[in-house]
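Here it is, written out as structure tokens:
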């Protein structure tokens, strides 16, 4: 694309560096911003740079937080011995919304993915193992996605911590509440039969 | 959505103000930026605010330009008496890519759209009429989209300038080169028959 202005070209190039945004979409966004007040663009720019420069991560769980200890970790009413291992902050938000979990989180910040050049040292695994080693934790729940990378990460961590005195579990996979059996994929349906639970347990929820 | 950080919340809110970007996409973009170097976010932020604060419009055609006169208007080899009326800079870029037009442009910056509260005074119509009035222009080509708003805008401008000594034309509508007749919508096919051109003219291209 040829632009009549270097400023526009630069803005389009920077915006189209974002995932899922191409040059055409970036130009559409730029033209939108040009039609709005100057303050909107300035606010957007400030929010982006402030977010990146001033963001803090919780020392304990690596969740994004404005202080050194996030609200979840510093809440004394949460179970400090129960840790749910998740990939990123979005998973924390999703689980928090269910109100079904009263423990703490451990945010890995990614998954082991050799194809993308992400090894065990690139994500927050060591600090988790350290916590387990120090006997601070009763149970670790794996809640990564069931992709090749998620499974690899789960298994890597499991091997590292299984020698210590800690329970490990993984969130249940099965048919969604309200779904029809006939429309469920075979892998999920098969898993839901293998991993069946005692009937009386299902009555608790 | 509940965020564990006010900085993240603010960035997500500002980004999701952009058209076509919801809160979930905005959060995805924010998490992407957090994984990249700080300089990427700072460059993005600077490019956005500089673009908005320093952008210039060509005094003559209202195209976006880094100087007071855009490259197209200040090119002496272009036909100064031929003006193509377009909605925005994207249309200029599209037509320039064809290399089929050697005149100047007039960028309206929008279309008359009463439903959106955009009247004739909100877009760059007056300066076009002024140019026509001063006898600077031989022919005006309308190249707006064939929507209700585009047709309204075309007609409004046409009524304003038709009393002056100027030719008016509109870009041809018809079946795209290479398209099958049987898959073309009726309106376009009907228009291509009504607006048929002498066969020998089609041999020129």
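Protein chains in written order, with the working numbering: chain L, 932 to 1136; chain P, 932 to 1136. Virtual Cβ for every residue (Gly too), placed ideally from N, Cα, C.
I need the straight-line Cα distance from residue i to residue j, nearest angstrom please.
i                       : j                       : result
residue 1004 of chain P : residue 1081 of chain L : 57 angstroms
residue 1033 of chain L : residue 1010 of chain L : 6 angstroms
residue 1070 of chain L : residue 955 of chain L  : 49 angstroms
residue 933 of chain L  : residue 1031 of chain P : 16 angstroms
residue 1067 of chain L : residue 981 of chain P  : 50 angstroms
residue 1090 of chain P : residue 1020 of chain P : 25 angstroms
residue 1130 of chain P : residue 1118 of chain P : 22 angstroms
residue 1055 of chain P : residue 1002 of chain L : 53 angstroms
residue 1111 of chain P : residue 1052 of chain L : 57 angstroms
residue 1113 of chain P : residue 953 of chain L  : 33 angstroms
Candidates the options: which alpha carbon is nearest residue i's?
i                       : options                           : result
residue 1016 of chain P : P/1026, P/964, P/979 and P/1008   : P/1026
residue 990 of chain L  : L/1077, L/1039 and L/940          : L/1039
residue 967 of chain P  : L/1107, L/984 and L/1014          : L/984
residue 997 of chain L  : P/982, P/1115, P/940 and P/1114   : P/940
residue 1000 of chain P : L/976, L/1116, L/936 and L/975    : L/936
residue 1101 of chain P : P/1126, P/946, P/1115 and P/1111  : P/1126
residue 1014 of chain P : P/1075, P/1048 and P/947          : P/1075
residue 977 of chain L  : P/944, P/1042 and P/1002          : P/944
residue 879 of chain P  : P/1132, P/1048, P/1035 and P/1028 : Outside the displayed span of chain P (932 to 1136) sits residue 879 of chain P, for which this structure offers no information.
residue 1072 of chain L : L/1103, L/1079, L/1049 and L/1108 : L/1103
Can you tell me which of the three DSSP states residue i falls into?
i                       : result
residue 1095 of chain P : coil
residue 1052 of chain P : helix
residue 995 of chain L  : strand
residue 1137 of chain P : Since the first residue of chain P shown is 932 and the last is 1136, residue 1137 of chain P is not available in this structure.
residue 1029 of chain P : helix
residue 1070 of chain P : strand
residue 968 of chain P  : coil
residue 1043 of chain L : coil
residue 987 of chain P  : strand
residue 1124 of chain L : helix
residue 1100 of chain L : strand
Residue i and residue j: beta carbons closer than 9 angstroms?
i                       : j                       : result
residue 994 of chain L  : residue 1023 of chain L : yes
residue 958 of chain L  : residue 975 of chain P  : no
residue 1099 of chain L : residue 1106 of chain L : no
residue 1059 of chain P : residue 1088 of chain P : yes
residue 1155 of chain L : residue 947 of chain P  : Lying outside 932 to 1136, the shown extent of chain L, residue 1155 of chain L is not represented and no answer is given.
residue 1044 of chain P : residue 1077 of chain P : no
residue 1018 of chain L : residue 1041 of chain L : yes
Would you call the stretch 954–970 of chain L and the stretch 1118–1129 of chain L in contact, with 3 or more CB pairs under 8 angstroms?
Too few Cβ pairs lie closer than 8 angstroms, so no.
Okay, do the stretch 1090–1098 of chain P and the stretch 1055–1068 of chain P touch, 3+ Cβ pairs below 8 angstroms being the bar?
Result yes; three or more Cβ-Cβ pairs closer than 8 angstroms.
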